[in-house]
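I have placed the structure first, in the form of C-alpha cells, so that the comments after it can refer back to it.
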Ligand SMILES: [Zn+2]
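Residue numbers (my numbering): 70 to 188.
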C-alpha cells in the first residue's frame, strides 16, 4: 500500500547521490527530511507506518524482485531510523552493540543456540 510521506518510487541510480558515511549521518538526514512530520504524527502513528513497511518488506522478500527489495529495505531502515530518533536512540550507537560480535556470546559467528533478540 502506498504511504504518504515516503514515495515508493525506485531508488535513484547507484552513485547518483553521495553515499551516507555511516548510520549517524543517515539518521541525521532522515531526521532533516521527515523529523517535523514524524513529530506531528507522533510515536504511535509512526510505529504503525513502520509496521506497515515491514509488511511490505515481507511481500518483497516473497516476490524476490531485487529492485523492490532495495526499496523496501531502504524504507524499513528509514522508518526504523525515525523511530530511533523519536525515542532518543542513537542508531550508530545501537549498531555498535554488535561491533564485536554477538552481544551475548561475543562470537563471530554467533555460537548461541539462538541469536540475540531472536528468541
Ligand atoms: Zn551468540
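Ideal Cβ placement from N, Cα and C applies to all residues, glycine included.
These numbers come from a predicted model, not from an experiment.
When rounded, the separation of the alpha-carbon atoms in residue 182 and residue 105 is 42 Å. If you draw a 10 Å sphere on the C-beta of residue 101, you find fewer than 16 other C-beta atoms in it, and that means exposed. Assignment of residue 172 by DSSP, reduced to helix, strand and coil, places it in the coil class. Using a Cβ distance threshold of 7 Å, residue 141 and residue 121 do not count as a contacting pair.
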